Amino acid sequence: MSVRRSHNILRVLCALVCPAQASGQATVGTLNLSPNANQDYVLFSPNGAETTHIIDKCGRQIHQWETDGRPGLMAYFTDNGDLVRTRRHQTGEFLGGGIGGIIERFDWEGNLLWTDTLASPSHHQHHDIAVMPNGNILAILWEKWFAEDAIAQGLLPELASEEVWVTRVFELAPLPGTGSEVVWSWSPWEHLIQNTDPALPNYGEPSEHPERFDINFEATAESWGGGFGQEGAYDWMHVNSIHYHPERDEIVLSSRHWNEIWVIDHSTTTEEAVGSSGGQHGKGGDVLWRWGNPAAYGQGDESEQKFFGQHDAQFIDADEGLYVSIYNNGIGRPDGSYSTVHHIAIPFDANGGFPGTSESAFEPNAAAWTYPTTPDWSFYSPNISGYSLLPDGHHLICQGADGRFFELDETGELVWEYINPITNTGPLAQGSSPVQNGVFRATAIPATHPGLTGRDLTPGAPLELNPSPLDCSVDVGGAIPPSTAEAWPNPARTVLTIGHLQPDQPTHIEIFDATGRMQWNGIASHEITVDIRFWPSGLYVAILRPWNTAAHHSALRTLKFLVR
1 MSVRRSHNIL RVLCALVCPA QASGQATVGT LNLSPNANQD YVLFSPNGAE TTHIIDKCGR
61 QIHQWETDGR PGLMAYFTDN GDLVRTRRHQ TGEFLGGGIG GIIERFDWEG NLLWTDTLAS
121 PSHHQHHDIA VMPNGNILAI LWEKWFAEDA IAQGLLPELA SEEVWVTRVF ELAPLPGTGS
181 EVVWSWSPWE HLIQNTDPAL PNYGEPSEHP ERFDINFEAT AESWGGGFGQ EGAYDWMHVN
241 SIHYHPERDE IVLSSRHWNE IWVIDHSTTT EEAVGSSGGQ HGKGGDVLWR WGNPAAYGQG
301 DESEQKFFGQ HDAQFIDADE GLYVSIYNNG IGRPDGSYST VHHIAIPFDA NGGFPGTSES
361 AFEPNAAAWT YPTTPDWSFY SPNISGYSLL PDGHHLICQG ADGRFFELDE TGELVWEYIN
421 PITNTGPLAQ GSSPVQNGVF RATAIPATHP GLTGRDLTPG APLELNPSPL DCSVDVGGAI
481 PPSTAEAWPN PARTVLTIGH LQPDQPTHIE IFDATGRMQW NGIASHEITV DIRFWPSGLY
541 VAILRPWNTA AHHSALRTLK FLVR
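This is how it looks when you write it as structure tokens:
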């Protein structure tokens, strides 16, 4: 049985047992849709499920990939229509928020093309990847060190946890079928600074070396939670996103625990990335620019902290310069718990390089753009989440913990809103309270994306069970006025007529009984009469959808009737 057919049956069963929910206020799926919303599709992987979906703005499924294992945590759609995703894979060596361990590539049809396991006693992939134009993949990993290693680098013994997980970035060149070759590598462990013991390596003042990482900053020997026990203390930096700028050959990373973003040079060799010279900027693997928390390098205090558990740092090219966008979660924000999104302008010197600093915090002093401009206490996600500035000037925001995606137009007005209905126990019914429906990030897929060329983009049903009837179109042309279909008589005994169908559009009709078993299906125009003399008594549901794919923007309809 196909996934879509199974979904239909589940939806029908829910319609039979929870009809009151269908008539109430929508709680999942598309909640708001303005004519000003753009025509992009949206790609996302529910945290608790093993599927990745593309939906339209009506919330209808355009495509899905069924995979083994939950996401770990990100998926990307490539120009040839492949899906590259990370997969949750636990070995017992690492257990932390955002754990992955496997990277997979699937074609449009769902065939596994390539896989690589990055989970060993010393390293484990987590959170995010970046697919490069040459097909290579940048991956974030934890690299395991131990207390004695960190103390030998200047960590104060009272701050030493048993293990120290340090960020490692690998550039992977995929091998045919499975595995990869590491062709480039970078880690903060090779760019440390400490001011505790002049007899140990990398001695100096962090405030005088903002290009380096203070080994005593944010170090803790104690378990502090996050749902992962002592592993929360081990995960020193908790880098949760990576983004690559191909023209500049630079990488931006987001560190949740340090409340910072870092830009580093990718033009170095691996050998140069270990040191402080080489590469296009002549600084090797040192930090080129950082922002969000100047206390991390001794140039500020809590009053100057800008980020609070942020996610999803992305480069933005603009006519006026280079920016980084960010979802600022707001956890631990002094004035209360609310999220914001920002654009931060990266300052350059007269030669177009990154200005060094050892006397003050990195500029700018404030974000160039912030949404919302005043706190919105309903807009808050303590973890995960993401934000993208779209080519048309619209904004796509994923309020991850609530599984909420919404689009703003260029003036900041809400033009689309969606609540993910997929949980770790399956799809929710319309009208249900959404819980356990978190999504790490949502990605806009333009209708003109080359990966969609030649694909069947016929909308299926909404992802939620018992969906509310939709009067929804996301395109110009081909839309059909709302159906006024009816079933009579109701209750019925010998025959049932389904009529008032669209006269110029054939309708595919499926009728299910209370067990979810299909009782009848056919195609009709205007109306059709069905012989039900030998049907068991009970409640039935008919699902109606357009048959002609040229009119695929019409909404699915359901009719309920009794047989006696």
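In the working numbering, the protein residues as written are 1 to 564. Glycine residues also receive a C-beta, built at the ideal position from the N, C-alpha and C atoms. Just so you know, these numbers come straight off a predicted model, no measurement behind them.
Is it true that the segment 449-462 meets the segment 405-416, where meeting means three or more beta-carbon pairs spaced less than 8 Å apart?
A contact between stretches requires three or more CB pairs, one per stretch, nearer than 8 Å, and the segment 449-462 fails this requirement with the segment 405-416.
If you draw a straight line from the alpha carbon of Gly352 to that of Gly412, how long is it in whole angstroms?
Take the alpha-carbon of Gly352 and the one of Gly412: they are about 31 Å apart.
Supposed contact pair Asn466 and Ala429 - C-beta distance, whole angstroms, cut 8 Å:
5 Å
Buried or exposed by the 16-neighbour rule on C-beta atoms within 10 Å, applied to Thr558
buried
At what residues does the beta strand (DSSP E) containing Thr558 begin and finish?
557-563
From Arg564 to Asp531, what does the alpha carbon distance come to, in whole angstroms?
13 Å
Taking C-beta to C-beta, are Ile251 and Trp291 nearer than 8 Å?
no
Quick one: what's got a C-beta closer than 6 Å to Asn437's C-beta in the same chain, skipping five residues either side?
Excluding sequence neighbours, Asn437 sits near Gly403, Asn420, Thr423.
Measure the C-alpha to C-alpha separation of Pro364 and Glu304 and round it to an integer number of angstroms.
12 Å
Does Leu253 pass the burial test, meaning 16 or more other C-beta atoms within 10 Å, or should it be called exposed?
buried
Can you check DSSP and say which residues form a bridge with Ile384?
BP columns for Ile384 are empty, so no partner.
Within 10 angstroms of its Cβ, does Gly575 collect 16 or more other Cβ (buried), or is it exposed?
Missing from the structure shown is residue 575; the chain here goes from 1 to 564 and no further.
Use the C-beta contact count for Ile523: other C-beta atoms within 10 angstroms, 16 or more gives buried, fewer gives exposed.
exposed
Taking all protein chains shown into account, do 16 or more other C-beta atoms lie within 10 angstroms of the C-beta of His526, making it buried, or fewer, making it exposed?
exposed
Using 8 Å as the cut-off, can you tell me whether the segment 163-180 makes contact with the segment 126-143, which would need three or more C-beta pairs spanning the two stretches below that distance?
yes
In three-state terms, what does DSSP make of Glu569?
Outside the displayed span of the chain (1 to 564) sits residue 569, for which this structure offers no information.
In whole angstroms, give me the CA-to-CA distance for Pro176 and Thr91.
C-alpha separation (whole angstroms): 25 Å.
Based on Cα-Cα distance, which residue from Pro434, Phe44, Gly100 lies nearest to Tyr76?
Phe44
Start and end of the beta strand (DSSP E) containing Val239?
239-245
Ser122 classed as buried or exposed, judged by whether at least 16 other C-beta atoms fall within 10 angstroms:
exposed
Under the three-state DSSP convention, the category Ala479 falls into
With a pLDDT of 35 at Ala479, under the threshold of 50, the modelled position of this residue cannot be trusted; read the value that follows with caution. Coil.
Tell me the rounded alpha-carbon separation between Gln39 and Asp56.
Using only the alpha carbons, I get a separation of about 8 Å.
Glu66, DSSP secondary structure in three states
strand
Assigned secondary structure, Ala542 (DSSP; H/G/I helix, E/B strand, else coil):
strand
Are the segment 276-286 and the segment 312-319 touching by the rule of at least three beta carbon pairs closer than 8 Å?
no
Limits of the unbroken beta strand (DSSP E) element including Asp128
It spans 123-131 - the beta strand (DSSP E) in which Asp128 sits, taken as one unbroken run.
Nearest CA to the CA of Gly426: which residue from Thr27, Asp504, Ala49?
Ala49
Helix or strand or just coil, what does DSSP make of Pro450?
The three-state secondary structure of Pro450, taken from DSSP, is helix.
Short Cβ contact (8 Å threshold) for Ile129 with Thr115:
Note that the C-beta distance between Ile129 and Thr115 is not below 8 Å.
Kindly confirm or deny that the segment 383-390 and the segment 318-338 touch, where touching means at least three C-beta pairs closer than 8 Å.
yes
Does DSSP classify Ala313 as helix, strand or coil?
strand
Exposed or buried, Ser378, counting other C-beta atoms within 10 Å across all chains shown (16 or more means buried)?
exposed
Within a Cβ cutoff of 7 Å, which residues of the same chain sit near Asp68, ignoring the five residues on either side of it in sequence?
For Asp68, same chain residues with a beta-carbon under 7 Å away, outside a window of 5 residues either side, are Glu50 in chain order.
Report the option in Pro157, Phe213, Ser120, Gly309 whose CA atom is closest to the CA atom of Val327.
Here residue 327 is Tyr; the residue named in the question, Val, does not match the sequence. It is Gly309 whose Cα lies nearest to the Cα of Tyr327.
Which of the three DSSP states is assigned to Leu414 in this structure?
strand
Could you round the C-beta distance between Arg105 and Leu113 to whole angstroms and report it? I think they count as a contact, below 8 Å.
Between Arg105 and Leu113, the beta carbon gap of about 5 Å places them in contact (Cβ cut-off 8 Å).
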